[in-house]
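Numbering (this note's numbering), first residue to last: 33 to 276.
No residue lacks a Cβ here, since even glycine has one placed at the ideal position from N, Cα and C.
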């Protein structure tokens with residue numbers, strides 16, 4: 033195991049609740065001052081500076097100097113992806129003692145606190161995550177475009193036709209080196225959103241349509257006014273009936 037990556041240092045840094053709280057506050061890619069991070073984590077300024085120093089030394093954060101003020105942000109997008117992956121792993125490893133409650137989308141514990149923009153819409157690997165994505169996934173199920181059978185997600189004949197009408201062809205997606213569709217656990221919503229090649233295709237469609245945009249050094253997706261309207265209309269049953 034000579035060449036195995038050493039993750040213990042990063043794991044130690046993230047294991048402290050105060051440091052992880054400050055990391056959560058930076059997950060949307062914004063830069064924040066030490067005083068603000070101290071307030072969010074419930075720390076004194078001196079304690080916050082000590083924790084921030086350790087996070088910077090460990091390569092998780094970087095410092096930007098603006099005049100006399102210092103701002104902290106995630107050192108790289110991969111850091112945010114790693115932290116989110118840990119949050120998803122925590123959700124996946126939670127003992128499921130009340131499966132019927134979980135099926136109804138109710139979770140026994142409170143979701144992690146993160147910036148509102150990140151909770152609303154964000155990158156999750158190569159697809160859309162957050163509230164917007166979880167709501168969309170439920171509409172796709174309710175409209176009959178998708179069916180979920182235990183751990184499998186199936187695109188129905190109706191769904192295949194509807195997606196094709198929007199430029200997403202299931203047969204073409206099947207040639208990618210990924211599942212066509214899967215239910216991806218969403219750590220902030222505590223209910224799944226759509227992953228797989230179809231999830232990635234939908235994200236590309238929304239961004240090409242100008243409904244979503246991704247600022248530099250951020251994983252939080254910005255939703256345009258048109259996007260807010262169109263994504264909420266996507267696969268709504270009442271809109272489909274009016275179109276008939």
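Answer with buried or exposed for residue i, where buried requires no fewer than 16 other C-beta atoms within 10 angstroms of its C-beta.
i, result
"residue 263", "buried"
"residue 215", "buried"
"residue 217", "buried"
"residue 195", "buried"
"residue 265", "exposed"
"residue 235", "buried"
"residue 189", "exposed"
"residue 67", "exposed"
"residue 116", "buried"
"residue 181", "exposed"
"residue 105", "buried"
"residue 60", "buried"
"residue 238", "buried"
"residue 132", "Annotation note: pLDDT 46 at residue 132 (below 50); position unreliable, coordinate value reported separately. Classification for residue 132: exposed."
"residue 197", "exposed"
"residue 39", "exposed"
"residue 186", "exposed"
"residue 87", "buried"
In the DSSP assignment, find the unbroken alpha helix (DSSP H) run with residue i in it and report its ends.
i, result
"residue 262", "257 to 265"
"residue 182", "Neither: residue 182 is in no alpha helix (DSSP H) and is coded neither H nor E."
"residue 165", "163 to 174"
"residue 205", "202 to 205"
"residue 196", "189 to 196"
Indicate the three-state DSSP secondary structure (helix, strand or coil) for residue i in the structure shown.
i, result
"residue 148", "helix"
"residue 250", "coil"
"residue 270", "Per-residue confidence for residue 270 stands at a pLDDT of 49, beneath the threshold of 50, marking its modelled position as unreliable; the derived number appears in the next sentence. It is helical."
"residue 220", "coil"
How far does the beta strand (DSSP E) with residue i in it reach, from first residue to last?
i, result
"residue 230", "First-last for residue 230: 228 to 240, but that is the alpha helix (DSSP H), not the beta strand (DSSP E)."
"residue 215", "214 to 216"
"residue 154", "154 to 156"
Query raised in the report: Touching or not, the region 147 to 158 and the region 241 to 255, by the rule of three or more beta carbon pairs under 8 angstroms?
Result: yes
**Report entry** Secondary structure, beta strand (DSSP E): runs of 3+ residues fully inside the region 37 to 117
**Finding:** 93 to 98 and 101 to 106
Query raised in the report: Counting Cβ pairs, one atom from each stretch, are 3 or more of them under 8 angstroms apart for the region 45 to 53 and the region 76 to 95?
Result: yes
Report task. Mind the definition here: the region 218 to 233 touches the region 167 to 178 only if three or more C-beta pairs lie below 8 angstroms; say whether that holds. Result -> yes
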